[in-house]
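Each residue of the sequence shown is one higher than the one before, counting from 6 in this note's numbering. Glycine residues also receive a C-beta, built at the ideal position from the N, C-alpha and C atoms. Notes follow once the structure below has been shown.
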Amino acid sequence: MKVLGIDLGGTKVAMGVVDENGNISKKKVIDTKTEEGFESVTQRIAQAIKEINDKEIKMIGIGSPGSIDHENGVVRFSPNFPGWINVPLASAISSKVGLRVVVENDANAFAVGEKWFGVAKGYKNVLGLTLGTGVGGGIICDDKVFRGSTGIGAELGHVVVEPNGYLCGCGNHGCLETIASATGISRLAREWKERYPDTIIKEFSAKEVMDAAKKGDPLGVKVFERVTDALGIAIGSFVHIFNPEIIVIGGGVSRAGQFLLDGIEKKTHENVMRSFWGTYKIVLSNLVDDAGIYGAASMCFEELRNDKGITG
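Take a look at the structure:
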């Protein structure tokens with residue numbers, strides 16, 4: 006059986022045909038161009054799906070950032086998609102390509118993708134955290150995706166870790182996303198650069214900042230400590246609330262690798278009460294480059310397995 010997984014991002018839309026064994030074929034990437042509006046974006050996605058032209062595709066899964074009404078395939082609100090308020094993403098795509106479509110929050114999809122194809126395979130209580138342009142979270146409790154009473158729960162990137170901190174795109178202040186995202190890391194480094202005139206950081210990308218921290222650059226280390234402090238506070242709270250077996254860290258920032266993982270593990274341990282020691286492990290995703298595609302595809306397999314699904 007084959008499905009099409011679509012990773013809808015603020016800059017790029019990546020899609021690929023995925024089978025139940027996790028093999029990806031016929032990948033395609035297009036620009037999102039959110040500034041052109043919802044109808045234009047969905048039209049170009051539909052055109053790309055037609056160009057893939059695989060008659061074996063049974064269903065389409067879309068991982069989208071923002072608050073998602075999974076049952077109805079509607080994007081309720083997405084901070085980085087101007088004007089996307091209560092937009093019917095599933096039906097817009099389905100009506101154009103004639104296939105069943107399921108839409109899920111991209112971080113929820115990431116967690117399910119890790120359970121189907123990644124490091125969380127075999128676990129029933131999973132917490133996924135994506136550190137990218139923003140910070141997303143997905144939770145699986147007793148083998149089921151946790152969505153909350155209205156279907157838009159698990160916005161883990163918007164827990165407040167610094168009261169009265171930086172203004173977040175969600176409208177609140179001090180969210181985890183304002184510090185631990187790639188955007189937040191870059192901002193911190195730029196703000197503190199005058200204090201560290203000898204820093205080796207030049208372009209201030211999140212990758213450069215993390216690489217500088219690995220080399221012991223004072224500015225890089227300062228930012229790294231602030232980021233891991235925030236993650237330790239947040240993840241410690243998540244452990245207390247959800248009691249996961251495994252916590253999977255993904256997204257572009259996770260490419261900092263073991264260096265980042267060691268920092269997160271240390272700070273999380275400092276924020277977890279001893280009764281939870283040894284009850285969880287924190288690991289890096291091994292699906293980083295294709296995690297979005299796998300996540301969106303896995304939602305299709307979940308729906309098909311449960312004989313559910315959203316038809317546009």
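Can you look up residue i in the DSSP assignment and give me helix, strand or coil?
| i | result |
| --- | --- |
| Met304 | helix |
| Asn113 | helix |
| Ala125 | coil |
| Met278 | coil |
| Ile54 | helix |
| Ile321 | Residue 321 lies beyond the stretch modelled for the chain, which goes from 6 to 317, so this question has no answer here. |
| Asp267 | helix |
| Asp294 | helix |
| Gly10 | strand |
| Ala217 | helix |
| Val79 | strand |
| Leu309 | helix |
| Ala97 | helix |
| Ile67 | strand |
| Leu161 | helix |
| Ile184 | helix |
| Ser72 | strand |
| Lys286 | strand |
| Val166 | coil |
| Gly118 | helix |
Based on Cα-Cα distance, which residue from the options lies nearest to residue i?
| i | options | result |
| --- | --- | --- |
| Ser290 | Val131, Thr233 and Gly153 | Val131 |
| Pro168 | Gly158, Gly156, Leu181 and Ala159 | Leu181 |
| Gly10 | Ala235, Ala114 and Gly42 | Ala114 |
| Trp197 | His178, Leu224 and Ala187 | Leu224 |
| Ser83 | Gly174, Ser45 and Ser280 | Gly174 |
| Gln48 | Met304, Leu266 and Ile98 | Ile98 |
| Lys126 | Gly297, Glu308 and Leu292 | Leu292 |
| Ala301 | Phe122, Val46 and Gly42 | Phe122 |
| Cys305 | Leu13, Ile62 and Gly15 | Ile62 |
| Gly21 | Gly14, Gly15, Ser30 and Leu13 | Ser30 |
| Ala239 | Ser72, Thr204, Lys286 and Val277 | Val277 |
| Thr16 | Ile65, Cys146, Ile57 and Pro70 | Pro70 |
| Ile190 | Thr138, Trp282 and Ile65 | Thr138 |
| Lys120 | Val80, Cys146, Thr204 and Ile73 | Cys146 |
| Leu390 | Phe281, Gly27, Asn177 and Ile287 | Nothing about residue 390 can be reported from this structure: the residues present for the chain run from 6 to 317 only. |
| Asn91 | Val106, Asn85, Val107 and Ser72 | Ser72 |
| Phe243 | Thr204, Val166, His178 and Gly176 | Val166 |
| His75 | Val108, Arg200 and Gly256 | Val108 |
For residue i, which residues from the same chain have a beta carbon less than 6 Å from its beta carbon, with the 5 sequence-adjacent residues on both sides left out?
| i | result |
| --- | --- |
| Ile327 | Nothing can be reported for residue 327: it is not among the residues displayed for the chain, which extend from 6 to 317. |
| Ile254 | Leu134 and Leu289 |
| Asp24 | Lys7 |
| Tyr128 | Glu250 and Ile251 |
| Phe229 | Ala218 |
| Leu236 | Ala185 and Ile269 |
| Tyr171 | Thr183 |
If you drop the 5 nearest sequence neighbours on each side, which residues of the same chain put their C-beta closer than 8 Å to that of residue i?
| i | result |
| --- | --- |
| Ala159 | Asn110, Ala112, Asn113, Gly142, Gly143, Ile144, Phe151, Arg152 and Gly153 |
| Pro87 | Thr39 and Glu40 |
| Glu44 | Ala97 |
If I measure Cβ to Cβ from residue i and keep anything under 7 Å in the same chain, skipping five residues before and after, which residues do I get?
| i | result |
| --- | --- |
| Gly241 | Thr273, Asn276 and Val277 |
| Ile298 | Gly10, Asp12, Ala19, Met20, Gly21, Val23 and Ile29 |
| Asp234 | Lys272 |
| Tyr285 | Val244, Pro249, Glu250, Ile251 and Ile252 |
| Gly162 | Gly139, Val140, Gly141, Gly142, Cys180, Leu181 and Glu182 |
Subject >> alpha helix (DSSP H) runs wholly inside the segment 220-265, at least 4 long, in chain order >> reply: 223-247
Original post:
Can we say the segment 203-215 touches the segment 242-251, given the rule of at least three CB pairs closer than 8 Å?
Top reply: no
Original post:
Are at least three pairs of beta-carbons, each pair with one atom in the segment 297-314 and one in the segment 266-276, less than 8 Å apart?
Top reply: no
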